[in-house]
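For reference, each letter of the sequence shown is one residue, going 189 to 310 in this note's numbering. Note that the Cβ used here is the ideal one computed from N, Cα and C, for glycine as well. All values derive from a computational prediction rather than experimental measurement. To start, the structure under review is shown below, and the notes come after it.
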Amino acid sequence: MANLHITEHACTVELNWWEKLAARRSDLTIPVRVVRNVELLPDVSDVVAELRRSPGIRVSGLTSIGTFWAEDGSRKKTFAVCHGRRGGLLLALEGATFDQIVLSTDSARHYSAQLAQYMVDN
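Put into structure tokens, the structure is as follows:
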């Protein structure tokens, strides 16, 4: 499962080796200043269920990892690391490579509080 490494300047989604393989990329680092909102989600799979995968992998109900596109014409670009029907985070971004990051994690509240602290400072 992916983890977040958060400092006052950057937030890195740290992927394990098989997540990197599935996502076809290495860890993802974004500046904290591009994070506009942090939302706790009861089930991250609901967010990516209707999105189109490219590139990445989706095994329905089990995992969704990689880049996903909205099919509503908005071309909203999402980076997702979602495992099962679990809780996690949605990071809304502005001025970044992705419009949002969706991540399943048992540490969602901790990460949310940590990001909120740094978002206030920026």
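Give the straight-line distance between the Cα atoms of residue i and residue j, rounded to the nearest whole angstrom.
| i | j | result |
| --- | --- | --- |
| VAL223 | ALA304 | 9 Å |
| SER242 | ALA198 | 25 Å |
| ALA296 | VAL290 | 11 Å |
| PHE267 | VAL308 | 24 Å |
| HIS271 | GLY283 | 27 Å |
| THR251 | ALA258 | 18 Å |
| SER214 | TYR299 | 20 Å |
I need the DSSP call for residue i, collapsed to helix, strand or coil.
| i | result |
| --- | --- |
| LYS264 | coil |
| ARG221 | helix |
| HIS298 | helix |
| ALA284 | coil |
If residue i sits next to residue j, beta carbons under 8 Å apart, how far is it from one beta carbon to the other, in whole angstroms?
| i | j | result |
| --- | --- | --- |
| ASN191 | GLU207 | Incorrect: roughly 10 Å between the Cβ atoms, too far for contact. |
| SER233 | ARG263 | Not a contact, Cβ separation roughly 22 Å. |
| VAL269 | ILE253 | 5 Å |
| ILE194 | GLN302 | 5 Å |
Return no unless some Cβ of chain B is closer than 7 Å to the Cβ of residue i.
| i | result |
| --- | --- |
| LEU281 | Checking the listed chains, one finds no chain B in this structure; it contains a single protein chain. |
message: Which runs of the alpha helix (DSSP H) at least 4 residues long sit entirely within the region 199-257? Give them in chain order.
response: 205-211, 233-236
- prompt: Using 8 Å as the Cβ pair cut-off and three pairs as the minimum, do the region 266-285 and the region 224-235 touch?
  reply: yes
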